[in-house]
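Undergrad:
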Amino acid sequence: MYKHFIVAVLCFLPLLAVAQEFGYVNRAEIFQAMPETTEAMKKLDDLAKNYEAELLIMQEEYQKKGSEFVAQRDSLPESIRIRRMTDIQDLEQRIQGFYQESQEHIQRQQQELIIPINDKLTKAVQAVGEELNMVYIFDTSANMGLMYWSPSKCKDVTPLVRAKLGLK
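Residues 102 to 269 in the working numbering are what the sequence shown spells out, letter by letter.
The structure is reproduced here in structure tokens:
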């Protein structure tokens, strides 16, 4: 009986010695290398430039009306002066509203464009982790509370994830 126990322990001992695999990946590096990211950033830049151009037109109109008002205010009747001041204040509010609306739209567009790219990257990392039977894969590009890690004791899966995504 004792011999059978020792044989059983010796048979299962190699299973206990199997090391759990840990890996690390630089998500930011891969994210920047993805062609989808370049396309998304170009779309966002174009959108921001369009909003900036429109905002510049509105600001020029505001400055022009403000300058004209300052130059003429002493010679204007009070009713016209009040109407022009109201017009200038309305324009200022429209500019502020347009700016806020543009920022919100850019943020929404950013989320719509970036979330699918992040999902694709996450799936590639998960696939590599499954293929290599890894327990954990840490993201070294983000400070996620990881105080220490030893590159010599972990596997860098960044090249494998890049390959999974078809990146060089």
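Even glycine gets a Cβ: it sits at the ideal position worked out from N, Cα and C.
Label I216 either buried or exposed according to how many other C-beta atoms from any shown protein chain fall within 10 Å of its C-beta, with 16 as the threshold for buried.
TA: Result: exposed.
Undergrad: Using the Cβ count rule (16 or more neighbours within 10 Å means buried), how would you classify I238?
TA: Buried, since its Cβ has 16 or more Cβ neighbours within 10 Å.
Undergrad: List the endpoints of the continuous beta strand (DSSP E) containing V236.
TA: V236 -> beta strand (DSSP E) spans 235-240.
Undergrad: For the alpha helix (DSSP H) that V262 lies in, which residues bound it at each end?
TA: It spans 259-265 - the alpha helix (DSSP H) in which V262 sits, taken as one unbroken run.
Undergrad: Can you list, in chain order, the residues of its chain with a C-beta nearer than 8 Å to that of I218? Leave out the 5 residues immediately preceding and following it.
TA: Contacts found: F132, M135, E137, T138, A141.
Undergrad: Along the chain, where does the alpha helix (DSSP H) that runs through M186 open and close?
TA: Residues 179-232.
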